[in-house]
Each structure stands twice: as C-alpha cells, then as structure tokens.
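*Asks:* Here it is, the structure in full.
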C-alpha cells in the first residue's frame, strides 16, 4: 500500500542509494574523504563534498554483488576478522576504485575497524601527497572533552582553508547550523511520536531520516527539512487517529541494540513485523538525543559541535563510551518506548558491544527485560542467514511469552 | 630456548616471567609495599614509581583457558590476549594488586574496566586513561591532563604525595632501565647473539613484575656478564624481527628459533616498542614530559592514526641495525588495528625487498601447530634451503 510514509521512505532511499563510491563525479567543489563521521555541517558550509569511506563500504554490502565484494575485501589481506563493511571499503581502496580526494580527514570515530580504515587511507601510497588531518575523539563526554574535540574541529576548518585557499564563511556556517538545528528538532519530534502505542508508522523512518540528514548530498538542506516536516505532520495525524502501521497487528515492541546493517531491515525486521506483529522501535542509528548548536559565539558553536559529535551522534554515543552509558540508554529506550524485549545483534565486527554482553544480559535480567544475543554479521548474511535470525527471534518471543 | 649461558639473573628473570606472582613481588608486599597493575605500554610507569607503588603490567602468562572471561567477552570476536588477561583477573591470580589503571588502547582493552567493575573481582581503585588516537600538541596536553587527574586520584586513594622531584627521579630511573634494556638488545646485533629471544622476553617481562630499583641492579649485573661472554661459533641462521601487539610469552619465538631462525629484535608491546628514546629528565613540568614522550615521541601504536610512518621508520631502521633478513608480523585474531598496520607494512617491506610472514593467531600456544609449519617454510625460503 502506498501512503505518505511509503512515499517519504522512497524519497529518502532514492537519496541514500544515489550515493556513489566516486563522490568526485557528483561534486563540483573540493572533496574531503573521511574514514567515518565528520561534523557534516562544516563541509556543507564550506561548499565541499564529504564522503565517508566506511559508509561507502557498508553500502557495498547492500549491493547484489555483496558477497563477491566482501570476499575481495578478505583477499586484500587486511585482517580475517575485520568488520566486513571495512573489508569492502579496503577492497575499493586497494583496487583503485576511489578517486583521489583533495584532502583526507580521519578520526577514531567510532570503532577500531573504522580507525583501521583511517590507517589504511593515511598510508595509501598513491595518495601520499594528499593533505591529511587526524583527530582524536576522546572516550569521554564532559565539557572538557567537548572543548577538546571542538578545538580539533576548529583546527580542521583551518586545515581545509589552508588546503583549498578558501575561507570559511562564518555567516554561512551559522545558516547551516540553524537548518541543522531545525532538522534535529524535527527528528526529536518524530521520535516522541514513535512512542505511541501502537507505533504510528514504520519506525525505520527514524533511521532513514537520520541518514538522510547526515549522509546524503541533500544533507542539511531545506529539502530534508521539508521531508522531516511532512513526516512529523503525517505521523501526528496518525497518532491523533490512534492508528498503527498499516497492515501490522502490533504485538511485540523491541529494541534492536546495534545497526540494522545492510540487510536486516528489508528481510528479518520486515518479516517479523508482518508475520508476528513484532515491531523494531529503535536501533543504533535512530536514537536521537540532539541538543541545539549554541550559536552565540564561535567558541560555543565549536563546543556544541564537540558535544554533538561525541555524545549525540548515535554511533559514537553507543560505541565510543562506557558500558554505563550504553546500559542507561537501553533502560531509557525500553522505558520510553514501552519495549517488551532487547535484541543484541552483537555484530561480529563491533568489539565494543561484544565486550559488554554479560553486562547487558545481567542488566536485562535484573530489570526483567527479555534479552536475546544473536552474534550475527550485519553486513554479510552468509554468516547467519535471515531465516536463522528470524527463527531465533521467533522462538525467543515465543518462549518469553510475548507472542 | 635457552642460550646455555649460566647466570643466576637469567634464572631469576625466567622464573619471574614464567608466572604471575613471584618472590620479588611477595617480598615487596611483605614489607608493606603496594602494587598497582596496569595494561598497555602507554600507561607511564614513572607515575607509579614516583608514588612509591610497584607497577605490575597485567599479562596472561601460563593461561590455558579464558572460560570465565568468555562470559563477559564474546570469544569469537574479541582478542584472546584481552580475554586471557581478564580471565586471570577473574580467577584471582591478580588479587595481590591494590589498584589497576587500564590503558584504553583498543576497544576490547578499554572494556576490561567496565567488566572488572561489575565483576566479583572488583577492587577499590580502578581507573582508565585513554591514549590519544592522533599526535600533536593538543593531544599531548590532553594526555597530560589525564595524567594529572590520575596523579590526584592516586594521591587521594593511597594517601601519598607525588611531588615533581619524585617524578623527575622516577623518570631518571626508568630512563636508566630503558638504556640498560637497549644495551642488552644491542648485543643481539652481532652474528651469534649471546642471548636468545626467549631470554630477552623473560628479561623485559621480569621488568614489569618486580620493584624497579632491584630490576635496575639486576640488569646492570646481567649486562656486565653478557659483555664478558664468549659465544661459540654457531651455524648460519636467518635473522628475524617480530612485529606486532603484546607478546609476553616465549612460545612463538621458541618455534622460530627451533626452526633455524634467530629473533634478533622486535617491535612488540611488551618488548622493543617500550625501548624507544627517553623521557626529558629536567623538564619543569615532568607530567608534560611524560605526555610528550608517549604522544609525540613514541606513538608506536596503530590505534594512533599518525603512527604508521613512525612504526615504518622504526622497523626499517631496526632492519638495518640488526641486519634483519625477514619479518614475522604476528597479531591476534580480531586485532584490527595491528591487522591494518601489518597490511601496510607488508606492502612497504615488499617494495624494499624484505620478506614478511604474516601470522594471525590466538594467545594460547596450542594454536601454534600451523604456525610452526608456516615459520619453517618461511625460514627455508629466506635461507634458500641452506640451513
């Protein structure tokens, strides 16, 4: 059934799938290549393209040729148990499929695999003459850390100015931040609406909205703001009407505490929703804790950037910090979204989540929350197939008395 | 493997490195001394020495199982060194330590603290510091601030005062120890080194396991003994260097040396990586001197995005100095950062005409059967079958 939500999903997906492994072809300005998250408002205001090679690798795992790409990544010899998104990115790099960028900005955000990709990019011989800038994302979240990282982002701007000979337009940066604040506020509003029982619309729209505002060429533009406004308006209407997701008889609400990856949404999660009425309310990317960028001065802006990057970017929040923050988020999400269960996909490439399994299990036991640990590969469905994941989750819901 | 050299100090070092608890440690504790454990070579021992605490580097010597730790860390996806070390903690082998500082080098290592705090093995003083992932003045300042914070916490918890003078004295002591270790390492530059790789590992690991002043005295005496040794002419050998993460037990080196190779040097986390340069001794701000040493002078960890050129240069320099014929690049399964680093290094060594064998392995020696075959083939290839 095509409704407003399906249309919005298609628009966001069109933009997401429009991402190319060769951003230079789509870009008029200079190209910054990163190994992971960067503070996207900066390159947008600077008028240059930013491409995240981890995302490029992850998108590769969604292609029909995913298995072949992953195997080619293994053949590069970068490490047999490396995250497969990074293996694909490594293959793209080593095969010369990524055009030479104008500059490279890397950081340890947000896991060891992504850091390793940064090491490979910085050490890639054909790009030896590309100017490089590295940043240290601390594993802490306090004012001092925000200042520290904000200071590095400010230095990144100076680096970009030096490389390009252009100057940052500070008024333009403010303008972009105002737009960004609007978008983050709309994501928060959508998140609030998602809490309704039954869930008023496809919860995956939150992930798509976040990706749309962060990763696509439309990011931080009025086009995305308008998309989010439509999403919020339509969802509000739905909540008023007390309607749930079309065609879904909601029985179970659960938290998927990892990335959905390149295949789970379209296979397992969709099937669970349709066949069992089990709705995935939240995942690693969707969780919004945004606060507005403080535009009062250059210093407050950059400190806000530091905070957003370290604490509010969902993946950094989950992966960079302590088990306590991770656990508090689980409890908070379960409570606010009235989740019946926690699923820990435990993606094999995520060392951080794989180091917290007992803590999470104990936490869930203590609070009476059914918890299932899968141990799957979110990028490679050969490791644990969608059918196996579905069966395990179905059995888990059954034995937990949820269906 | 042993060189055959008769030395009481070698015997002592081998005993210290072969177990976790030891007589030196017990003597220290009996005199009322406190012991502080730590993980990762970027945690500066100097701070503990200045506090009058005995630093003890956490390791997994003798571990055969990580069974209890595997409840906390998913076995298939987490480095076995971390799991085996944590298992030793859970099984009470580290109950002699009065506190521990976790160096947040990699994702698995930094989670030791989270798990330890929530386990039954919890101890009152547990702290974590983070080694910066890039090098620069700002990062060194940040690391200095972390050290300042750690210093205050140590002072409060143990009821002591770490003065700048004590810190400078500790820096001098640790520099002297590094210089002695470097001098002993340098003895392996000759054709027939007087000590084997296993003895060298024991020598450095012992340094993490006993009071520093006593260790310095032992090293000084050992160096004198080694300088007087006349080594008999040996058969021709292939000179190898081991590069990779923590490597606290001798099994891999024994395999290499049994197969006809000689490990003449290394760049590993318990060994050669810690013998780089010296900390500034007379700095008005000794904490800054320690931070600069770790972050700017010695960022030899692939978790640091700026480290590769420095690691590469260090390896190339050592190849010349020690006349290395080939490199054994060893890392533990799931160690992503060393995986990336060894990948880059292998390409660069290939360009330089230096052969490299890449090994991914588990911590325990029972996983080394296949490694033995590969090492043998590697040595035969380098030697052209002449050994």
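Chains as they are written, first to last, in our numbering: chain A, 94 to 496; chain B, 37 to 423.
C-beta atoms are modelled at their ideal positions from N, C-alpha and C, and glycine is treated no differently.
Quantities reported herein were computed from a predicted structural model and do not represent experimental measurements.
1) For the ligand GDP, any of its heavy atoms closer than 6 angstroms to the Cβ of residue 350(B)?
2) Output, in chain order, the set of chain A residues within a Cβ distance shorter than 8 angstroms of residue 150(B).
3) Quick check for students: name the residue ranges of the alpha helix (DSSP H) that lie wholly in the region 117–178 of chain B, counting only runs of 4 or more.
4) Please name the residues in the region 157–190 of chain B whose beta-carbon is closer than 7 angstroms to at least one beta-carbon of chain A, in chain order.
5) List the residues of chain B that residue 211(A) touches, going by C-beta distances under 9 angstroms, in chain order.
6) I need the DSSP call for residue 234(B), collapsed to helix, strand or coil.
7) Are three or more beta carbon pairs between the region 164–172 of chain A and the region 364–377 of chain B nearer than 8 angstroms?
8) What in chain B is Cβ-close to residue 477(A), meaning under 9 angstroms?
9) How far does the alpha helix (DSSP H) with residue 373(B) in it reach, from first residue to last?
10) Would you check if the region 157–169 of chain A and the region 237–247 of chain A touch, i.e. whether three or more CB-CB distances between them fall below 8 angstroms?
11) Suppose the cutoff is 6 angstroms on Cβ atoms and the five residues either side in sequence are ignored; what does the same chain contact list for residue 109(B) look like?
12) Return the CA-CA distance between residue 117(A) and residue 147(A), expressed in angstroms with no decimal places.
13) Span of the alpha helix (DSSP H) holding residue 355(B)?
14) Residues in the region 120–147 of chain B with C-beta within 8 angstroms of chain A's C-beta atoms, listed in sequence order?
15) Could you give the residue range of the alpha helix (DSSP H) that holds residue 46(B)?
16) Taking the alpha helix (DSSP H) that residue 262(B) falls in, what are its first and last residues?
17) Taking the DSSP output, what are the residues bridged to residue 30(B)?
18) How big is the Cα-Cα spacing for residue 129(A) and residue 146(B)?
19) Between residue 205(A) and chain B, is there a C-beta pair that is closer than 7 angstroms?
20) Which residues, in order along the region 231–258 of chain A, keep a beta-carbon less than 8 angstroms from a beta-carbon of chain B?
21) Give me the chain A residues within the contact set of residue 228(B), using Cβ-Cβ distance strictly less than 7 angstroms, ordered along the chain.
22) Indicate whether at least one CB of chain B lies closer than 7 angstroms to the CB of residue 410(A).
23) Against residue 223(A), what residues of chain B qualify as contacts under a CB-to-CB distance less than 7 angstroms, listed in chain order?
24) Kindly provide the ranges of any alpha helix (DSSP H) runs that are 4 or more residues long and lie completely inside the region 133–189 of chain A, ordered along the chain.
25) For residue 388(B) and residue 416(B), what's the separation of their Cα atoms in angstroms?
26) Name the residues in the region 357–386 of chain B whose C-beta lies less than 7 angstroms from a C-beta of chain A; which are they?
27) Determine, using beta carbons only, whether residue 422(A) comes closer than 7 angstroms to chain B.
28) I'd like to know if the region 114–130 of chain B and the region 79–95 of chain B are in contact, where contact means that at least 3 CB-CB pairs between them fall below 8 angstroms.
29) Rank 280(B), 319(B) and 267(B) by C-alpha distance to the C-alpha of residue 307(B) and give the top, closest one.
30) Pick from 248(B), 401(B), 175(B) and 63(B): whose alpha carbon is nearest that of residue 283(B)?
31) Distance cutoff 7 angstroms, beta carbons only. Does residue 174(A) sit that close to anything in chain B?
*Replies:* The answer reads as follows:
1) Questions concerning the ligand GDP fall outside what the structure shown contains, since it holds no ligand whatsoever.
2) 415, 416, 417, 448, 449 and 452
3) 143–153
4) 166, 168, 169, 170, 174, 175 and 178
5) 169, 341 and 376
6) helix
7) yes
8) Per Cβ cutoff of 9 angstroms: no residues; residue 477(A) is ~12 angstroms from chain B at best.
9) 372–388
10) no
11) 119
12) Unreliable positioning characterises residue 117(A) in this predicted model, as indicated by a pLDDT of 49, which lies under 50. A coordinate reading is not provided.
13) 344–357
14) 140, 142, 143, 144, 146 and 147
15) 44–53
16) 248–264
17) Outside the modelled stretch of chain B, which goes from 37 to 423, sits residue 30(B), for which no answer is possible.
18) 21 angstroms
19) yes
20) 231, 232, 233, 237, 241, 244, 245 and 248
21) In chain order: nothing, as chain A lies at least about 35 angstroms away.
22) no
23) Within chain B, no residue comes near residue 223(A); the closest Cβ sits about 14 angstroms away, beyond 7 angstroms.
24) 134–139, 146–153, 159–168 and 177–187
25) 20 angstroms
26) 369, 370, 372, 373, 375, 376, 377, 379 and 380
27) no
28) yes
29) 280(B)
30) 401(B)
31) yes
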